[in-house]
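Engineer:
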Amino acid sequence: ASIGPSAGGSVYSPAMTDFVVMVEKAGTMFVTGPDVVKTVLGEEISFDDLGGAMTHGSKSGVAHFVAQNEYECMDCIKKLISYIPQNNSEEPPKIKTDDDPNRLDHNLINVIPENPLQPYDMKDIINSIVDNHEFFEVHELFAPNIVVGYGRMDGQAVGIIANNPMHLAGALDIDSSNKAARF
């Protein structure tokens, strides 16, 4: 988690981890700061614009999650840990659920339009089929033309990757391809 400023060599480690959670208006990550950018490029830029949570959450894709504060950051980490195994030799966690795996959602027929050129939000479909309609999206702000995240089906944690026609018609570009491959 990036809850404060991080500069220089210390930013390489978070960028190589499986998941990065950054706190908005508090966490920053950059190799060289605004002063160096001004000296080298003659351009003034703020800490947040250079390497803040929203920059890394929506533009670079380094941040998988952007939290509003430290408490939301810790809640995000707890939720993430509930979906993934503790190590590579364990199975993903399975929990008891009261959501019937055979339930029908008659609203699904209304989500996908009859006209194949009309967009729809894939997240509506995902939320409809996962247990208790709970989808934990990863990289929500980055490359929205593809959706990645975790859900549960009959209590079993599953990873989900889906093109999202609501953004760029769901077409793959460099960012969305990298997002899906990294997930």
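Anchor point for the sequence shown: position 180 equals 180 in the UniProt record's numbering, and the numbering is continuous, going up by one each time. Every residue, glycine too, gets a C-beta built ideally from N, C-alpha and C. As the structure is a computational prediction, the values presented were derived from the model and not from experiment.
(1) Have a look at the DSSP bridge pairing and note the partners of valine 138.
(2) Do the CB positions of valine 158 and valine 148 come within less than 8 Å of each other?
(3) Reducing DSSP to helix, strand and coil, say where valine 23 ends up.
(4) Please name the residue in Ala26, His64 and Asn69 whose C-alpha comes closest to that of aspartate 49.
(5) Rounding to the nearest angstrom, what Cα-Cα distance links phenylalanine 30 and serine 89 in this structure?
(6) In the structure shown, what three-state DSSP assignment does isoleucine 126 receive?
(7) Helix or strand or just coil, what does DSSP make of threonine 28?
(8) By alpha-carbon positions, which one of Asp75, Glu72, Pro101 and Val21 ends up nearest to phenylalanine 65?
(9) For glutamate 72, tell me which candidate among Ile45, Ala7 and Val23 has the shortest Cα-Cα distance.
(10) Taking a contact to mean a Cβ-Cβ separation below 8 Å, would you say asparagine 145 touches histidine 167 in this structure?
(11) Beta carbon of proline 92, beta carbon of alanine 169: below 8 Å?
Structural biologist: Looking at the atomic coordinates:
(1) Note: valine 138 sits in a beta bridge opposite Val148.
(2) With a cutoff of 8 Å on beta-carbon distance, valine 158 and valine 148 are scored as not near each other.
(3) Strand at valine 23.
(4) Per the Cα distances, Ala26.
(5) Approximately 34 Å, taken between the alpha carbons.
(6) Isoleucine 126 falls in the helix class under three-state DSSP.
(7) In the structure shown, threonine 28 sits in a strand (DSSP, three-state: E or B).
(8) Distance from the Cα of phenylalanine 65 is smallest, within the candidate group Asp75, Glu72, Pro101 and Val21, for Val21.
(9) Proximity to glutamate 72 across Ile45, Ala7 and Val23 peaks at Val23, based on C-alpha coordinates.
(10) Contact annotation: asparagine 145 and histidine 167 have beta-carbon atoms nearer than 8 Å.
(11) Going by beta carbons, proline 92 and alanine 169 fall outside the 8 Å limit.
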